[in-house]
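Protein chains in written order, with our numbering: chain A, 36 to 484; chain Y, 36 to 484.
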């Protein structure tokens, strides 16, 4: 990553000095991914200057790597003919990644200006829903009939594949064009030229349809360690292929989604999204949180009389709730991640519950004793300290149960368990924490005064 | 994934009926990843029965796919000779994944029982630190001198590579065995046999050393869309290669780590870890949380007199703190994830800060008005409602600043920003939430009564 930093500095200096020729030479030898990393941190005017120094092929590769927000601003600053010429140089699935981010009108204008064949290919891909295998796939692949020999297959590849198109599987189809297997390219190299392809193809091949969710595609790649996933129609006729580098992007997206939804943030928010776009989702969760906090407050309201009598209760009250909060967050985080990775199933639910209850008891007793000691040293009331300790252990136990069961229950109802965000789950321990502590204190009030 | 469910059911039925022969036939046609998924949900006795029906090669593949905890129990239940025979059939890097999880004594016994050559290969890999490229790499690769022709290279591959060993890059070395480039296998297929390898190899190739952190390896694969990363020594001599399927596992591990550390859980905890192992980390964060909660409580303690005078304050107090909590969590989650993905750099810090402050003001005003209305309807005190609204907006603003700056500051000090877990950051808004609300109320107390 140090190289990128050095590249970034050189680019800044050359841009500031206006030495465009020297800059063009530097960019020519750089990797598109590194250039795009530099582009995103520049002012828009400098972005455009730098971008115009790239040859169309490299410019396309840089565009394909940019974050949505940066891409949008840059394309807006360039003119449409310029953009269309760059897109003409890119593989159709990469063009899709760029065009799908643009406002509809601008996208249509640019597609009109592009070469007809490429434009049509792109528009076909754009018809598949976002987040589906169809939207992700490349319609370019190499396929041969299962009856040809290795030598014939190699001959076919030489004729049809351009040297630039990376491919690692040769697809094998029967006489009706149905996908029947694949041959990893390295097997082509090691096989005898006269061997029939049929003899070296894999048995069955995992494929998906254009409607398959991209998450399912990612799980397939992870589980079976394949480098490409073929996309087929209802008759198992090959339509395209999804390669592992696109799948890695999906894995990142899904991880971001899981992390952010759990915290009450839209799953695809990035640091540079405009506030206007982010506002509704952020506000929604803040309002939900206001609702749950008000619910917890109403529990306190029930005990207003006790607090009036003994204001010290108000001092310790948030500690019990806060400890329940971390208890649920820790448990639910491990459970939600376990569900996402397929490790948390109903078969292991009982074992997980036993683990969490043991942890709740052990850490609850330990922290309960510490809290009792702190409160005794502070206020000198042994009964109050006891009540605090007991309420804390109780709340930790509740946290273990709620943190395990709520995500599993949501999953059973086919709701994304990440939605069981901290906001929702901690409501239980807030409400019960206030209730158990203040309730116990009220019951024993006459001994506390 | 439906197929796995069906496979699991058939296996359960056949195990229960004791039809081992039928079961063996079923397992023979199944994928190792699917079998391992089924194994983990079985009782240990059944796991062993099923496992002994697998041929050694498939048994090895299943072992390599199992979670640490399940693996440990299963290996303990089998005898060492049995395990060593299975490991003999596995590629050395997969053996490492199994052996590194076992207790030291058992691991040594098993390595002693293995074939000498394989055992030595494995022990060499085990000398590299956990989480490094050395521990992750396979020492098997195909390399040719840059002066050979494509035909000669293919001849060399035919002789040296077994058909089972998947490989997608041919490594190219100079006369001193230094790595100078790679040739993706598909290029070998399309090139003329008389072409010198030198002419079709890539320019420079990104490589790592045995000490490189696995996270850096993953970033390299993501950034440059490569399928394998070569591992070299200080003199650029090739030692091994890391393939993309191992990198995908690393990406998952890292995402889990980010998610869990943020919630105060050890980054590698899985749902089935024994409570004993998990206890120290869980307890540590619960104790830290107890400390920060006590800090917040001590702020309330400063205003005990005001609460004694007006117990209603205690009812609304947690709402202001809770709203600050969701504010910091939302902001910090997006920022921490942005840092992990390389999108959040100091160049964009100012823009992100403006975004977050705008969001804090807009959502703060909206939720502040709602809270003021709720409290007015509940208690009928217009001044109290005003104080609540103002304290809430103030706390949301603080949340925006803290949620952005704390992770960035930690990163500047080279501390993992995910450690800036909710526990730490929300302390700020807890303390300030209580302080601003109770402070304002105390200042204006005589108008409140």
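Cβ coordinates follow ideal geometry from the N, Cα and C atoms, glycine included.
Just so it is clear, the structure is predicted and the values come from calculations on it, not from any experiment.
- In the structure shown, the three-state DSSP call for residue 205 (chain Y) is strand.
- Your pair residue 271 (chain Y) and residue 173 (chain Y) does not check out as a contact, with CB atoms roughly 19 Å apart and the cut at 8 Å.
- Non-local C-beta neighbours of residue 97 (chain Y) in its own chain, meaning closer than 6 Å and more than five positions away in sequence, comprise 67, 70 and 71, ordered along the chain.
- Apart from the 5 residues on each side of it in sequence, residue 201 (chain Y) has no Cβ closer than 7 Å to any other Cβ in its chain.
- Rounded to the nearest angstrom, the gap between the Cα atoms of residue 389 (chain A) and residue 309 (chain Y) is 10 Å.
- As the crow flies, the alpha-carbon of residue 442 (chain A) is around 53 Å from that of residue 59 (chain A).
- In the three-state DSSP reduction, residue 216 (chain A) falls in the strand class (E or B).
- Chain A places no beta carbon closer than 8 Å to that of residue 173 (chain Y), leaving this residue out of the contacts.
- Straight-line spacing of the CA atoms in residue 82 (chain Y) and residue 108 (chain Y) works out to 10 Å.
- In this structure, residue 422 (chain A) sits near residue 476 (chain A), with a CB-CB distance shorter than 8 Å.
- For residue 331 (chain Y) against residue 436 (chain Y), the beta-carbon gap comes to about 18 Å, at or over 8 Å, which does not count as contact.
- Going by DSSP, residue 115 (chain A) is part of the alpha helix (DSSP H) stretching over 115-122.
- Taking the Cα positions, residue 263 (chain Y) is about 51 Å away from residue 355 (chain A).
- By the rule that beta-carbons nearer than 8 Å mark a contact, residue 242 (chain Y) does not touch chain A.
- Around residue 402 (chain Y), the beta-carbon contacts reaching into chain A at under 7 Å are 321, 322 and 325.
- Nearest CB-CB separation between residue 379 (chain A) and chain Y: below the 8 Å threshold.
- Nearest in C-alpha terms to residue 229 (chain Y), of all of Y:158, Y:143 and Y:190, is Y:190.
- A direct Cα-Cα distance of roughly 15 Å separates residue 170 (chain Y) from residue 279 (chain Y).
- A buried status is given to residue 470 (chain A), since no fewer than 16 other beta-carbon atoms sit within 10 Å of its beta-carbon.
- Taken in chain order, the unbroken stretches of alpha helix (DSSP H) that lie wholly in the segment 132-206 of chain A and span 4 residues or more are 139-148, 151-161, 168-171 and 185-195.
- When secondary structure is reduced to three states using DSSP, residue 402 (chain A) falls in the helix class.
- Taking 7 Å as the Cβ-Cβ cut-off, the segment 401-424 of chain A approaches chain Y at 401, 402, 405, 406 and 409, given in chain order.
- Among the residues facing chain A, residue 357 (chain Y) is included, as its CB has a counterpart in that chain under 8 Å away.
- Distances from the alpha-carbon of residue 89 (chain A) to those of A:76, A:124, A:111 and A:78 put A:124 closest.
- When the Cα atoms are used, residue 344 (chain Y) and residue 339 (chain A) turn out to be separated by approximately 12 Å.
- Within the same chain, and ignoring the five residues on either side of residue 157 (chain A) in sequence, the residues whose Cβ sits closer than 7 Å to its Cβ are 127, 130, 131, 134 and 146.
- For a cut-off of 8 Å, the C-beta gap from residue 116 (chain A) to residue 148 (chain A) is around 6 Å, short enough to register as a contact.
- Here the alpha carbon of residue 394 (chain Y) sits roughly 6 Å from the alpha carbon of residue 314 (chain A).
- Put simply, of A:64, A:358, A:385 and A:122 the residue whose alpha carbon is nearest the alpha carbon of residue 152 (chain A) is A:122.
- Boundaries of the alpha helix (DSSP H) harbouring residue 374 (chain A): 347-375, taken from the DSSP string.
- Taking 8 Å as the cut-off, the Cβ atoms of residue 102 (chain A) and residue 307 (chain A) count as close.
- For the segment 47-112 of chain A, the full-length alpha helix (DSSP H) segments reaching 4 residues or more read 55-63, 67-74, 79-86, 91-100 and 103-112 along the chain.
- CA-CA distance, residue 274 (chain Y) to residue 328 (chain Y), rounds to 52 Å.
- In this structure, residue 167 (chain A) lies near residue 245 (chain A), with their beta-carbon atoms less than 8 Å apart.
- Sequence-distant partners of residue 281 (chain Y) (beyond 5 residues in either direction) whose C-beta falls short of 7 Å from its own C-beta, in its chain, are 171.
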